[in-house]
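Here the structure comes first, spelled out in structure tokens, and everything after it is commentary.
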Amino acid sequence: MVSVTNDKDSNKVSSPPTGFQVIFREFIKDKLALVSLISIVLVTAFVFYMAYFVIDLNELMRVSLRDKFAEPGEKFILGADQGGRDIFGQLVVGAKNSLEIAIAVTVITGIFGIVVGLICGYFGGWIDNVIMRIIDFFITIPSLMLIIVFITVIPKYTQWHLILIISLFGWTGITRLVRSKALSESKRDYVNASKTLGTNDFVIIFREIMPNLSSILIVETTLNFAGNVGIETGLSYLGFGLPPDVPSLGNLVAYANNPKVLQEYWWCWAPAALFILIMMLAINYVGQAFRRAADAKQRLG
Amino acid sequence: MWKTVVRRVLIMIPQLFVLSLIVFILAKFMPGDPFSGLITPETDPARIEELREKAGLNDPWYQQYARWIGNLVQGDLGKSYTFQRSVGDLIGEKALNTLWLSLVSVILLYLIAIPLGILAGRYNNSKLDKTIVLYSFISYAIPTFVLGLLFLYLFGYKLQWFPTVGSVSVGLDPGTFSWYIDKIYHLILPAFVFAVLGTTGVIQYLRSEIIDAKALDYVRTARSKGIPMRKVYSKHIFRNSLLPIAAFLGFTITGLLSGSVFIETIFGYPGMGQLFISSVLSRDYSVITALVMLFGFLALLGSLLSDIIMSIVDPRIRIE
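Residue numbers (our numbering), protein chains in the order written: chain A, 886 to 1186; chain B, 97 to 416.
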């Protein structure tokens, strides 16, 4: 009896920590990553809550020339822009729009990339060949320029178009990664054993291989999300993202294209620029922590 | 190896062909054409129509495409409608500015990245190493336009150390010594932004390469022969670790090209990136298509260059 319980105990102790335990431990060890993660969640929740339930967009975007370039103060926490519109409100709504687009692009490219990557890696053959040639092509073309050309071509242009266009050029990285991992997984014994048992290919792919890739998928998705925030804000900054009358972080930063605004009315652009900066640092930092958690050699905890 | 290079170049041709098709069709779908800007109440619609006919804009797209690609192969990039001059000349002039910018950026990039990477690798896990790793993380995470604007605000407007716009001051004679100095003076700030943002890859590569090399047999042999550590680093490890860095050159070119769109817009620098944005805004098809083709070609060339350098410096890697 005693030896049995002992056996059970030692089994418990020696069983390797599961995915979420590893991530949890990593974040406990790295306080900065924990702070980043919590602040990303809080900021996102705050921004979405404010934008959907508190701020009235029509009220916000109404021009009032009396408040032109009002300085930060009691009426406007972060001052007002050229049209007397509240910068703080625009920042909140802009952050919501930018995050929304980045999340949508991440989800679309993530799902597409995972499915296509798994299929290519598992089956190989001509599908794999064709998709890989397409990816090679996408990797070498100047995608930023083509996105810009695409955006100018579309006549009635909404944020959904923007999401689709960015996704069109953003799926290659994750597909390539998932493919290479799926390729090496599909040669493993457990897959062969499952095949011998007559398991359906799609069950093997999604129930057996995919869970083994979950850690790198989390890492890649986080880093992709950061990248997509960067792409959306960058495009809006250049004037090819969201339309100028829709608040977006990039559009706010683009106020700085006017040298006078850049020099004298810093409150128009600096908050958005700093917001982007801090968000990018935080998301990337969390991504790095995930990466360490996924790689036993780099783990802190 | 030359066989593989030739093969890679041959693969580039279909890629460029597909790119040209996509770009051309997209350009055709762009709303408005170069002549819609000329339409005012006084102009005769027939006159505009005549201009369109003369420019061949009424032909079916595949005929226009065939004509365009035929000219392109012969080196004739067409004519810019907004500037009323040959696209080749226009791009050539701007390309020179972008070339200068890229050159200074690459030099600054390696000047910053190599010492930092070496120090981080040599003293890994020290405070210094942690600071450098943090720096390379931050430079990786910052978007180009945010850092560009912050630098422009800080060093251009607040501290006034550097000029804020253009590639050269007005009133200097081209070719004189002070003209060149002034040009470089205009280049430093945008190039510095590029360099700071581009260092991540080089630093991380160099650092991990040096850390790995510390445990290798040849280093142990050198140590056991009594060579001081300082010399092992400078003579043995660095030589091995530095060479592959050369291969980053190709990737840097690709990064510089896409970054130039942002940097040149922010710093008002008259290069190809700025020309691209302004020609998209003015629907100047011939310039847009030519620029996208050129950037695509340069990006392909960059990745080819990287692979070639890599296979020269590291015989273990063979490009197939």
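A virtual CB, placed ideally from N, CA and C, is assigned to each residue, including glycine.
Exercise. What does B/Ser176 pair with, by DSSP beta-bridge criteria?
Worked result: The partner list for B/Ser176 (beta bridge, DSSP) reads B/Arg181.
Checklist line | Buried versus exposed call for B/Arg218 [16 or more other C-beta atoms within 10 Å across all chains shown] | finding: Label assigned to B/Arg218: buried.
Fill in: Counterpart residues of A/Ala965 in DSSP-defined beta bridges
A/Ala965 is bridged by DSSP to A/Asp971.
According to the Cβ coordinates, are A/Leu976 and A/Ala1158 closer than 8 Å?
No, the pair does not count as a contact, with Cβ atoms beyond the cut-off.
Exercise for the section: Under 8 Å between beta-carbons, which chain A residues line up against B/Gly392? List them in chain order, please. Expected result: The contact set of B/Gly392 on chain A, defined by CB atoms closer than 8 Å, consists of Thr1025, Ile1026 and Pro1027 in chain order.
(message) To be precise: take each residue of the region 224-236 of chain B, compare its Cβ to all Cβ atoms of chain A, and keep it if any distance is under 8 Å. Which residues remain?
(response) Within the region 224-236 of chain B, the qualifying residues are Phe233, Ile234 and Tyr236.
### Message
In this structure, how does DSSP classify A/Asn1077 when only helix, strand and coil are distinguished?
### Response
Looking at A/Asn1077 - three-state DSSP - the assignment turns out to be helix.
Chain-ordered chain B contacts of A/Val1138 [CB-CB under 8 Å]:
In chain order: Phe241, Val242 and Leu245.
query = Taking 8 Å as the CB-CB limit, is A/Met1187 close to chain B?
reply = Lying before the first or after the last residue shown, residue 1187 of chain A is absent from chain A, which here runs from 886 to 1186.
Output the distance between the C-alpha atoms of A/Phe997 and A/Leu922, rounded to the nearest integer angstrom.
-> Each residue's alpha carbon lies about 26 Å from the other.
**Asked** Quick one: what does DSSP say B/Gln170 is sitting in, helix, strand or coil?
**Response** DSSP places B/Gln170 in coil when its eight states are reduced to three.
- prompt: Do the CB positions of A/Ile1094 and A/Ser1071 come within less than 8 Å of each other?
  reply: Result yes, Cβ atoms of A/Ile1094 and A/Ser1071 sit closer than 8 Å.
- Measure the CB-CB distance between B/Ala237 and A/Leu927 and report whether it falls below 8 Å. Not in contact: B/Ala237 and A/Leu927 (Cβ atoms no closer than 8 Å).
**Asked** In chain order, what residues of the same chain lie with their CB nearer than 7 Å to the CB of B/Ile228, ignoring the 5 residues before and after it?
**Response** Around B/Ile228: Leu212, Leu215, Ala216 and Ile299.
*Using alpha carbons as the reference points, say which of A/Ala930, A/Thr1025, A/Ile1020 and A/Leu919 lies closest to B/Leu112.*
Residue A/Thr1025 holds the alpha-carbon nearest to the alpha-carbon of B/Leu112 among A/Ala930, A/Thr1025, A/Ile1020 and A/Leu919.
Practice item. Taking 8 Å as the cut-off, decide whether the C-beta atoms of A/Trp1056 and A/Thr994 are in contact. Key: The beta carbons of A/Trp1056 and A/Thr994 sit closer together than 8 Å.
So is A/Ile986 in contact with chain B if we call contact Cβ pairs under 8 Å?
-> Output row for A/Ile986: interface = no.
Here's the rule I'm using: 16 or more other beta-carbon atoms within 10 Å means buried, otherwise exposed. How should A/Glu944 be labelled?
A/Glu944 is classed as exposed because its beta carbon has fewer than 16 other beta carbons within 10 Å across all chains shown.
Quiz item: Taking just the CA atoms, how far does B/Val101 sit from B/Ala395?
Solution: Distance between B/Ala395 and B/Val101, taken at the CA atoms: about 16 Å.
Problem set entry | Complete runs of the alpha helix (DSSP H) confined to the region 333-399 of chain B [at least 4 residues] | Counting only runs of 4 or more, we get 334-338, 344-362 and 368-377.
For B/Ala291 and B/Ile208, believed in contact at Cβ under 8 Å, the rounded distance: Their Cβ separation, rounded to whole angstroms, is 6 Å, which keeps B/Ile208 and B/Ala291 in contact under 8 Å.
Pick from A/Phe912, A/Tyr1042 and A/Lys981 that is closest to A/Phe933, judged by C-alpha positions
Among A/Phe912, A/Tyr1042 and A/Lys981, the Cα nearest to that of A/Phe933 belongs to A/Lys981.
Assumed close pair B/Leu397, B/Met368 - CB separation to whole angstroms, cut-off 8 Å:
Separation of the CB atoms of B/Leu397 and B/Met368 is rounded to 15 Å, and the pair is thereby denied contact status at 8 Å.
I want to verify the contact list: residues of chain A whose CB lies under 7 Å from the CB of B/Thr361, in sequence order.
When 7 Å is used as the limit between beta carbons, B/Thr361 is near these residues of chain A: Leu1123, in chain order.
Using a beta-carbon distance below 8 Å, is A/Gln1148 in contact with chain B?
-> By this cut-off, A/Gln1148 is an interface position.
- Query: Can you tell me whether B/Pro239 is buried or exposed, with buried defined as 16 or more other CB within 10 angstroms of its CB?
  - Reply: With 16 or more other CB atoms across the displayed protein chains lying within 10 angstroms of its CB, B/Pro239 is buried.
| said: Check whether the region 168-177 of chain B and the region 318-330 of chain B touch, using three or more Cβ-Cβ pairs below 8 Å as the test. | reply: Contact between the region 168-177 of chain B and the region 318-330 of chain B is absent, because fewer than three Cβ pairs lie under 8 Å.
May I have the straight-line CA-CA distance separating B/Glu146 from A/Tyr1140, to the nearest angstrom? One C-alpha to the other measures close to 41 Å.
Check: So is B/Val105 in contact with chain A if we call contact Cβ pairs under 8 Å?
Finding: Taking Cβ atoms only, chain A never reaches closer than 8 Å to B/Val105, which makes this a no.
Worksheet entry | Inter-residue CB distance, A/Gly1135 and A/Gly1126 (contact presumed, cutoff 8 Å) | Right, the Cβ-Cβ distance comes to about 5 Å (below 8 Å), so this counts as a contact.
Using the three-state DSSP reduction, which class does A/Phe1125 fall into: helix, strand or coil?
In this structure, A/Phe1125 counts as coil in the three-state DSSP scheme.
Practice item. To the nearest angstrom, report how far apart A/Val1104 and A/Gly1112 are at their CA atoms. Key: Taking the straight line joining both Cα atoms gives about 12 Å.
Where the alpha helix (DSSP H) containing A/Asn1014 begins and where it ends: First-last of the alpha helix (DSSP H) with A/Asn1014: Gly1010 to Thr1025.
Item to complete: Tell whether a beta-carbon distance below 8 Å holds between B/Val119 and A/Val1034.
Response: In this structure, B/Val119 sits near A/Val1034, with a CB-CB distance shorter than 8 Å.
* **A/Arg1184 in three-state terms, based on DSSP** => Coil.
- [ ] Quick one: list the residues of chain A neighbouring B/Ile187, beta-carbon separation under 8 Å, in chain order.
- [x] The premise fails here: B/Ile187 is roughly 14 Å from chain A at the closest Cβ pair, so nothing lies under 8 Å.
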